[in-house]
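**Student:** In our numbering, the protein residues as written are 8 to 121. Got a structure for you, written out below as structure tokens; questions coming shortly.
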Amino acid sequence: MSDYSLFTSESVSEGHPDKMSDQISDAILDTYLTKDPDARVAVETLVKTGMVVVAGEVTTAGNVTPGELEEVIRKTVLDIGFNSSEVCFDGNTCAVINAIGQQSADIALGTHEA
């Protein structure tokens with residue numbers, strides 16, 4: 008056994024896609040919780056140049072439409088400052104792919120009692 012260990016970590020700076028993804032996911036969560044404080048939201052966000060993909064499962068009594076989600080996503084991107092192709096990303100024109108669906112019945116059963 009070696010007496011040495013290796014420690015690694017990642018630090019990302021402002022504008023990194025991970026930071027934008029986190030803010031988009033948080034905004035989506037806030038949108039659902041505003042309409043239903045008991046909503047269960049499991050959403051992941053992927054950002055690539057010119058594209059935002061959101062995917063996951065939701066259980067909610069609130070009604071959040073795909074149009075509302077797209078508006079929240081675009082507003083979040085624009086609020087970060089990505090508002091032109093000159094800054095490599097434009098919240099006004101980027102593609103938004105929404106793959107958020109209803110939470111599966113099996114998972115809902117397990118989380119309902121928790």
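Using N, Cα and C, we set each Cβ at its ideal position, and we do this for glycine too. This structure is a prediction, so every number in the text was calculated from the model and none was measured.
Roughly how many angstroms separate the alpha carbons of Glu93 and Gly57, rounded to a whole number?
**Tutor:** Start at 1 with the first residue of the sequence shown, and residue 93 comes out as number 86. Start at 1 with the first residue of the sequence shown, and residue 57 comes out as number 50. Cα to Cα, the separation comes out at about 12 angstroms.
**Student:** What are the start and end residues of the beta strand (DSSP E) that includes Leu53?
**Tutor:** Start at 1 with the first residue of the sequence shown, and residue 53 comes out as number 46. Counting along the chain, the beta strand (DSSP E) containing Leu53 begins and ends at 47–55.
**Student:** Taking the continuous alpha helix (DSSP H) assigned at Val71, which residues delimit it?
**Tutor:** For the purposes of this step, residue 71 is taken as the residue at position 64 of the sequence shown. Per DSSP, Val71 belongs to no alpha helix (DSSP H) and is neither H nor E.
**Student:** Excluding the 5 residues preceding and the 5 following Val71 in the sequence, name in chain order all residues of the same chain whose CB lies nearer than 7 angstroms to its CB.
**Tutor:** Taking the sequence shown and counting its residues from 1, one reaches residue 71 at position 64. Thr38, Tyr39, Lys42, listed in sequence order.
**Student:** How many angstroms separate the CA atom of Leu13 from the CA atom of Glu75?
**Tutor:** Counted from its first residue, the sequence shown places residue 13 at position 6. Counted from its first residue, the sequence shown places residue 75 at position 68. Using only the alpha carbons, I get a separation of about 45 angstroms.
**Student:** So Ile35 packs on Val60, CB below 8 angstroms; how close in whole Å?
**Tutor:** As a first step, residue 35 is located in the sequence shown; it is residue number 28 there, counting from the start. As a first step, residue 60 is located in the sequence shown; it is residue number 53 there, counting from the start. Not really, about 12 angstroms apart at Cβ, beyond 8 angstroms.
**Student:** Which residues in the same chain have their Cβ closer than 6 angstroms to the Cβ of Ala106, if we skip the five residues on either side of it in sequence?
**Tutor:** Position 99 of the sequence shown, counted from the first residue, corresponds to residue 106. Correct list, in chain order: Ala62.
**Student:** If I'm right that Val79 touches Cys101 with Cβ under 8 angstroms, what's the distance once you round it to whole angstroms?
**Tutor:** The residue given as residue 79 occupies position 72 in the sequence shown. The residue given as residue 101 occupies position 94 in the sequence shown. The Cβ separation is near 14 angstroms, so there is no contact.
**Student:** What separation, rounded to the nearest whole angstrom, lies between the Cα atoms of Asp33 and Ser91?
**Tutor:** In the sequence shown, counting from the first residue as 1, residue 33 sits at position 26. In the sequence shown, counting from the first residue as 1, residue 91 sits at position 84. So the two alpha carbons sit approximately 23 angstroms from each other.
**Student:** May I ask you to list the residues that DSSP assigns as paired with Ser91?
**Tutor:** On the sequence shown, residue 91 is found 84 positions in, with the first residue counted as 1. Answer is Phe96.
**Student:** Can you give the Cα-Cα distance for Ala46 and Arg81, rounded to whole angstroms?
**Tutor:** Working through the sequence shown from its first residue, we reach residue 46 at position 39. Working through the sequence shown from its first residue, we reach residue 81 at position 74. One C-alpha to the other measures close to 22 angstroms.
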